[in-house]
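Some notes on the structure that comes next.
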Amino acid sequence: MAEIVNNLGRTQIAVLNAPNNPSAGAGNGQFRHEVDNRALGKPLPALQTFNTRFANGADRHFDGQNLYGGMSKVGNPFVSSDDHLLATDLKNNLQLLDAFKKDGRLTQGSLQEIAKEEPSSSKVSERTIMLAREILNRPRLNDAIVAKGGEITHESLAKAGDSQIGNTNPNTQSADPFHAKTDAQVVRAFRGKFDDWRDKSEDFSAFFGSEKHRYVKRETIAEISKDPNVTDNNGEAVRDPRTGFPLKKYTEQEVYLAKNLTERPGLMDSLDSYKANGFSLFGSRNDDGWLKNYSLDRWLQEDKQERGI
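So the mapping is simple: the working numbering equals the position in the sequence shown, first residue as 1, plus 1.
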């Protein structure tokens, strides 16, 4: 046995020469390291193989924007900025963007026009052009700043400035595979896991079996987000006999998916609201503690309409 420090800065016990060690990230009753509990979207510290610090102790910044097919270019000063700062910066410059509005509305199409501008002949500053390029390079931020109807407003930017966490640039190192994904992308991933997470005792078919109704309890998602261990009949953690570490009940990707569902501001509530459940003459099923497969499909359709997609 030997102590090592992994790239998250945590000290762990390494099992040397352990035969057939399960691969990292495995779940469903296999060993893997515990999911990091840091805030979603927060970048991981860069792994340093040699001393690259400047004299003042700061780390060098690697700008890898050209490795991603987005709109940002190497040298964009906003690459390292958190999402809420970009949203606030755009809000503070709204009055300078009137020339790019269509029918008095600022949209993502407007941002795309700004991003294509040449600084030498543009109606806006080079800084504003770079800001637009970096916002367009972040799908999750792009999603957050749009209000109903696809318009970018002072209110929608203020809301994004108050609620967005971390830097969701696709090149930002993050243990969370969903950190750069939009809410709709997270919901689609949840839809793909729905049958695995559902409570089978609640299954029923409507309209002579033509519609299969399935349900996931919100408490189940909250439990998954805590990265629980496999337990025995006494409630004790079951350990891998080769490593001594607790076996995990869910995969790392499932845990991060659940964390995104529970920790993104307002997302879980919206999946159990009129946006998902619609209106019924027989009473609403909102806020009943259950998420429904057919409601997720409705939510995705409503989300497209709200955003003018």
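For each residue, glycine too, the CB sits at the ideal point set by N, CA and C.
This one's a predicted model, so the numbers in the text were calculated from it and none came from an experiment.
- Straight-line spacing of the CA atoms in K213 and D204 works out to 7 Å.
- Taking C-beta separations shorter than 7 Å and ignoring five residues to either side along the sequence, the partners of E118 in its chain run V125 and I130, following chain order.
- Fewer than three Cβ pairs drawn from the region 232 to 249 and the region 156 to 165 lie within less than 8 Å of each other, which leaves the two stretches out of contact.
- Among the bridge pairs identified by DSSP, S206 is matched with K213.
- Judged by DSSP secondary structure, L292 falls within the beta strand (DSSP E) whose first and last residues are W291 to K293.
- For G290, the closest of F79, D298 and N278 by C-alpha to C-alpha distance is N278.
- L258 and A100 have their C-alpha atoms some 40 Å from each other.
- The three-state reading of DSSP puts I146 in coil, since its state is none of H, G, I, E or B.
- Under the 10 Å beta carbon count, Q165 is surrounded by 16 or more other beta carbons and is classified as buried.
- Proximity to D196 across S121, P266, K293 and E152 peaks at K293, based on C-alpha coordinates.
- Bridge partners of A238 according to DSSP: T232.
- If you draw a straight line from the Cα of R265 to the Cα of G76, it comes to about 30 Å.
- Sorting N170, R106, E156 and G151 by C-alpha distance to the C-alpha of L132 places N170 at the top.
- For E119, there is no enclosing alpha helix (DSSP H), since its DSSP letter is neither H nor E.
- Just so you know, the alpha carbons of E156 and Y216 end up roughly 35 Å apart.
- At least 7 Å separates the beta-carbon of G151 from that of T221.
- Under the three-state reduction of DSSP, E224 is assigned to helix.
- No Cβ-Cβ contact shorter than 7 Å links N261 with V147.
- Going by beta carbons, V36 and V231 fall outside the 7 Å limit.
- Going by DSSP, T89 is part of the alpha helix (DSSP H) stretching over D84 to N93.
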